[in-house]
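Take a look at the structure below.
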Amino acid sequence: MSVDTRPQLLPPSGPPPRQRRRFSLAALLGEILITLGVIVLLFVVWQLWWTDVTSRASFEATGDALQSEWHASAGDAPKQISEPDYGEAFALMYIPAIKDAVWGVPVVEGTSRDELMRGVGHHPDAALPGEDGNFAVAGHRVTYGKPFNQIAELRPGDQVIVETESGYYTYELDNSEIVEASEGWVLQPNPQAEITSKPGDPLITIYSCHPMYSAAQRYVYFGHLVEETTKDNPPAALEDSSA
């Protein structure tokens, strides 16, 4: 019996049929969650790191501009501070006990977001440095330069020095309290009447949010004026810390 050895004609062959990609809801949700996670991470980096970088640069620029303004009018420096305009930087703050955070930080009139991005904010209705009443100042504890990040590390007896165009005002801290955000009594002219000697004392109140990463409460430090000196006679604490 013979075997047929002729070539066999095979049916034409094309590319293999494509397999339809199956839609997966789980995969889609996974991709969405990954994207959201990246966005949240970028926001955290921006909020906790980049705002510090930009605000610290703003602190420095605002402080340098204020010092230049003072030097330009050194011969005509007023004996008393004039009422600053809203948003105007008018003083510099130094706290030797936490000098890494508060050293030459501008004091800006107002406590809104824009003002607190440029320094610590002075309440417009509060007393000015050296005046009778309460010199009340707010500052961020985290983000935006976080000048009051270490407020909880302060102790009674620590000094807060405020430099203005006319001189230096040295306050001594007395005690701290943690209060609810709604407790506006801390801004009153004599917030601790039972502790201070008389209602007309020149006082200081500095405060920031509490606890960390929350705005539910306020960490408040109270103090009183202990020394007032001229520009050519800076407080010893400034010279000691800059040595």
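For what it's worth, the working numbering labels the leading residue of the sequence shown as 1118, then goes sequentially.
From the three backbone atoms N, C-alpha and C, an ideal C-beta is built for every residue, glycine too.
Problem - Beta-carbon proximity of residue 1324 to residue 1269, cut-off 8 Å - result: no
Exercise for the section: Under 6 Å Cβ to Cβ from residue 1279, same chain only, skipping five residues before and after it: list those, please. Expected result: 1208, 1210, 1246 and 1286
Practice task
Could you say which of 1306, 1329, 1348 and 1176 lies nearest to residue 1249 if we only look at CA atoms?
Solution key: 1306
Problem - Euclidean distance between Cα positions of residue 1212 and residue 1344 - result: 15 Å
Handout entry: Exposure label - residue 1149; buried when at least 16 CB within 10 Å
Key = For residue 1149, the number of other beta carbons within 10 angstroms of its own is below 16, and it is reported as exposed.
Practice task
Compute the Euclidean distance between the alpha carbons of residue 1272 and residue 1319, then round it to the nearest angstrom.
Solution key: 20 Å
Practice task
Name the two residues that bound the continuous alpha helix (DSSP H) containing residue 1232.
Solution key: 1230-1233
Handout entry: Three-state secondary structure (DSSP) of residue 1213
Key = In the structure shown, the three-state DSSP call for residue 1213 is helix.
Problem - Chain-order list of residues whose beta-carbon lies under 7 Å from that of residue 1274 (same chain, five-residue window excluded) - result: Counting only Cβ-Cβ distances below 7 Å, and skipping sequence neighbours, we find 1289 and 1290.
Problem - Spatially closest choice to residue 1206 from 1264, 1295, 1239 and 1298, by CA coordinates - result: With distances taken between Cα atoms, residue 1206 lies closest to 1239.
Exercise for the section: Apply the 10 Å Cβ neighbour rule to residue 1188 and answer buried if 16 or more other Cβ atoms are within range, or exposed otherwise. Expected result: exposed
Practice task
For residue 1145, count neighbouring C-beta atoms within 10 Å of its own C-beta (all shown protein chains included) and say buried if the count is 16 or more, exposed if not.
Solution key: exposed
Practice task
Buried or exposed for residue 1230, please, with buried defined as at least 16 other CB atoms from any protein chain shown within 10 angstroms of its CB.
Solution key: Exposed is the label assigned to residue 1230, since fewer than 16 other Cβ atoms lie within 10 Å of its Cβ.
Problem - Coil, strand or helix - residue 1345 by DSSP - result: strand
Problem - Of the listed residues 1173, 1346, 1257 and 1342, nearest to residue 1328 (C-alpha basis) - result: 1257
Handout entry: Same chain, Cβ closer than 7 Å to residue 1180, five either side skipped, listed in chain order
Key = 1209, 1221 and 1223
Problem - Beta-carbon proximity of residue 1228 to residue 1284, cut-off 8 Å - result: no
Practice task
Determine the burial state of residue 1151: buried for a count of at least 16 other Cβ atoms within 10 Å of its Cβ, exposed for fewer.
Solution key: exposed
Exercise for the section: Verify whether the separation of the beta carbon atoms of residue 1304 and residue 1244 is less than 8 Å. Expected result: no
Exercise for the section: Look at residue 1251 and residue 1308 and say whether their C-beta atoms are less than 8 Å apart. Expected result: yes
Practice task
Tell me whether the beta-carbon of residue 1204 lies closer than 8 Å to the beta-carbon of residue 1232.
Solution key: yes
Exercise for the section: Return the CA-CA distance between residue 1356 and residue 1237, expressed in angstroms with no decimal places. Expected result: 23 Å
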